[in-house]
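K.L.:
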Amino acid sequence: MKSYKLIPILGIVLLLPVSYLHAQNTTATLMSLEEMWKAAEVNNRQLKLSDLHLQQSKIKVLEAKDHLLPELSLGGDVKLNSRFLLYNEGLFSSPQNVPVKSYGYGAGYSLNFNLFNGGKERINIRMKREEEVRGQYEVQLEKHSVKYNIAVEYFDLYKFLYFRDFLFAEIAAENKQLSLIESLHQNGIVLKSDVIRTSVKLSQLELSLSDIEKKIDIRKQRLNVLMGRDQTEQLEIDYKRSQEMESIQGSDYTGYLDIALNQSPELKLMDSDIKSSELNISQAKAARLPKVSLYSTYNYTYPQISFYPYSNDVWGFGQTGIKVQFSIDNLYKSKHSIALARIINGEAKEKADSKKAEVSLQIKEAYLQHEQALESVKTADKNILKTTETLRVIRNSYLNQESLLTDLLEAENALLEAKFNLITAQTNVRLSHIRLLAIVGIL
Numbered sequence: 189m190k191s192y193k194l195i196p197i198l199g200i201v202l203l204l205p206v207s208y209l210h211a212q213n214t215t216a217t218l219m220s221l222e223e224m225w226k227a228a229e230v231n232n233r234q235l236k237l238s239d240l241h242l243q244q245s246k247i248k249v250l251e252a253k254d255h256l257l258p259e260l261s262l263g264g265d266v267k268l269n270s271r272f273l274l275y276n277e278g279l280f281s282s283p284q285n286v287p288v289k290s291y292g293y294g295a296g297y298s299l300n301f302n303l304f305n306g307g308k309e310r311i312n313i314r315m316k317r318e319e320e321v322r323g324q325y326e327v328q329l330e331k332h333s334v335k336y337n338i339a340v341e342y343f344d345l346y347k348f349l350y351f352r353d354f355l356f357a358e359i360a361a362e363n364k365q366l367s368l369i370e371s372l373h374q375n376g377i378v379l380k381s382d383v384i385r386t387s388v389k390l391s392q393l394e395l396s397l398s399d400i401e402k403k404i405d406i407r408k409q410r411l412n413v414l415m416g417r418d419q420t421e422q423l424e425i426d427y428k429r430s431q432e433m434e435s436i437q438g439s440d441y442t443g444y445l446d447i448a449l450n451q452s453p454e455l456k457l458m459d460s461d462i463k464s465s466e467l468n469i470s471q472a473k474a475a476r477l478p479k480v481s482l483y484s485t486y487n488y489t490y491p492q493i494s495f496y497p498y499s500n501d502v503w504g505f506g507q508t509g510i511k512v513q514f515s516i517d518n519l520y521k522s523k524h525s526i527a528l529a530r531i532i533n534g535e536a537k538e539k540a541d542s543k544k545a546e547v548s549l550q551i552k553e554a555y556l557q558h559e560q561a562l563e564s565v566k567t568a569d570k571n572i573l574k575t576t577e578t579l580r581v582i583r584n585s586y587l588n589q590e591s592l593l594t595d596l597l598e599a600e601n602a603l604l605e606a607k608f609n610l611i612t613a614q615t616n617v618r619l620s621h622i623r624l625l626a627i628v629g630i631l
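To convert, take the position in the sequence shown, counting from 1, and add 188; that gives this note's numbering.
1) When you compare only the Cα positions, how much space is there between E341 and I359?
2) Quick check for students: name the residue ranges of the alpha helix (DSSP H) that lie wholly in the region 448-520, counting only runs of 4 or more.
3) Looking at the structure shown, is L349 part of a helix, part of a strand, or coil, going by DSSP?
4) Could you tell me if M189 is buried or exposed, where buried requires 16 or more neighbouring beta carbons within 10 angstroms of its beta carbon?
5) For V334, count the other beta carbons within 10 Å of its own beta carbon; 16 or more makes it buried, fewer makes it exposed. Which is it?
6) What first and last residue would you give for the beta strand (DSSP E) that runs through L303?
7) For K537 and E605, what's the separation of their Cα atoms in angstroms?
8) Looking at S515 and A472, is the spacing between their C-beta atoms short of 7 Å?
9) Looking at the strands, I want to know which residues DSSP matches up with N285.
10) Since L170 and L411 should fall inside the 8 Å C-beta cutoff, what is the C-beta to C-beta distance between them, to a whole number of angstroms?
11) Flag this pair as yes or no: are the beta carbons of F343 and T615 separated by less than 7 Å?
12) Just verifying my parser: in three-state terms, what is the DSSP assignment at S333?
13) Which one of L597, T489, V413 has the shortest CA to CA distance from S381?
14) Could you give the residue range of the beta strand (DSSP E) that holds K267?
15) Of the choices L467, E401, S591, whose alpha-carbon is the least far from that of N312?
16) Rounding to the nearest angstrom, what Cα-Cα distance links L414 and Q422 in this structure?
17) For Y586 and N601, I'd like the C-alpha separation in whole angstroms.
18) When DSSP labels each residue in this structure, what does L379 get in the three-state scheme?
19) State buried or exposed for S620, treating a residue as buried only when at least 16 other CB atoms are found within 10 Å of its CB.
20) So, are the CB atoms of E318 and K463 less than 7 Å apart?
21) Given K289, which residues of its chain have a CB within under 6 Å of its CB, disregarding the five upstream and five downstream residues?
22) For Q409, which residues of its own chain have a beta-carbon under 6 Å away from its beta-carbon, when the five flanking residues on both sides are left out?
23) What number of angstroms, rounded off, separates the C-alpha of I510 from the C-alpha of F301?
24) At which residues does the alpha helix (DSSP H) containing D254 begin and terminate?
25) Going by beta carbon distance, what residues of the same chain come within less than 7 Å of S435, once the five residues before and after it are set aside?
26) Which same chain residues, not among the five before or five after K552, have their C-beta less than 7 Å away from its C-beta?
27) Specify the secondary structure class of H621 as computed by DSSP and reduced to three states.
28) Measure the C-alpha to C-alpha separation of K544 and Q557 and round it to an integer number of angstroms.
29) For S591, which three-state DSSP category applies?
30) In its own chain, which residues sit with a C-beta less than 8 Å from the C-beta of I447, not counting the 5 before and 5 after it?
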């Protein structure tokens, strides 16, 4: 057995019934892995942040669409007029004082509707939509990451709870064996060293139990954090349910790879980056095109001092027409912008190819780990049978003074380690499959 270097626990723990230790808090929440996943989807803080980012991207799409609407403004003013001096015979001649009101006011509207702007506004909408789609892929990726992290902590907890049971049983058996060896020592059948060795092993088991208890508490706390619950909230899992460890038979490596190419959020993110970079090229090219807009203005002013003959009456004047603007300087200024956008597009494509190779390698690794875990379960099952029989034979031979205590202790440790290995292999089967599902994007 792999020894655990730990802080000793109180001896009184060994005097408590196992049933009491297993039922430390009957009010604790009993949750399955699927229930933890559902709780995390609602309350996990990281997922809440991802959802808020997604909501922002949706609002940005609506904001971009708002730019397609016409610009309409209403305005008005009140003013004080100076004397209206008209220099008929030059600036240095005596001016003619044109009678106008000493005050004035005006009110009107201005309308501007973009008919064509090189498609920049509509391209911008498509870019914002692509950002929204990218945000959805990021949420999916974050969900897979959170669910996998929960699975890691869940199966660690599952494993350590079984380890604790094994240690409880081993400590109880070792206490009985210590009593037997002490009795044999008193009768002069075994040496004092056998009593000491057995006591030392019992102390090591108690230290290991203390370490396992701490690890169990840490895993529960981590699961509460991942589910968005209070860290100190009580939590229990039904680790005795055999169906929790049923092996899920999946597709072969090629099947998983095909699924990943269509559903992996990581690969979809790369495709989204390519589309965004292509839209950036279109946006840079759009700067070279003319801008066409429809405009309309109308204003009421008092007094009329803009046109001759002047008047102290209220007057109205407006214009409606089409305005065309063409920025000649953009023909050469946009050259480098387009070149930069094309380089970014090429970079996005290279990253996508690199990510596909990386995901392919991850799938292969996870698939082989799953296959190895299945083989480990078979090997661990056989090892349990072998070490159990070995321990039975050595225990009988020790009681008959045909073998040493060290042989007996080693056989006991081997059986305990075999039990540990079996539980570890079983958890690795399920966890490796969950990792595979997370990589391909169907967890």
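Glycine is no exception: its CB is placed at the ideal position from the N, C-alpha and C atoms.
P.N.:
In terms of the structure at hand:
1) 26 Å
2) 453-474
3) helix
4) Low per-residue confidence applies at M189: pLDDT is 38, beneath 50, and the placement is therefore not dependable, though the value from the model is reported in the following sentence. By the 10 Å Cβ count, M189 comes out buried.
5) buried
6) 291-304
7) 50 Å
8) no
9) L273
10) The first residue shown for the chain is 189 and the last is 631, placing residue 170 beyond what the model contains.
11) yes
12) helix
13) L597
14) 259-268
15) L467
16) 14 Å
17) 16 Å
18) coil
19) buried
20) yes
21) P491, N500
22) Q419
23) 9 Å
24) 233-254
25) Interpretation of S435 is limited by its pLDDT of 40, a score under 50 that renders its predicted location unreliable; the figure taken from the coordinates is listed afterwards. Closer than 7 Å at the Cβ level, and outside the excluded window around S435, lie L562, V617.
26) Y441
27) helix
28) 20 Å
29) coil
30) S439, V628, G629, I630
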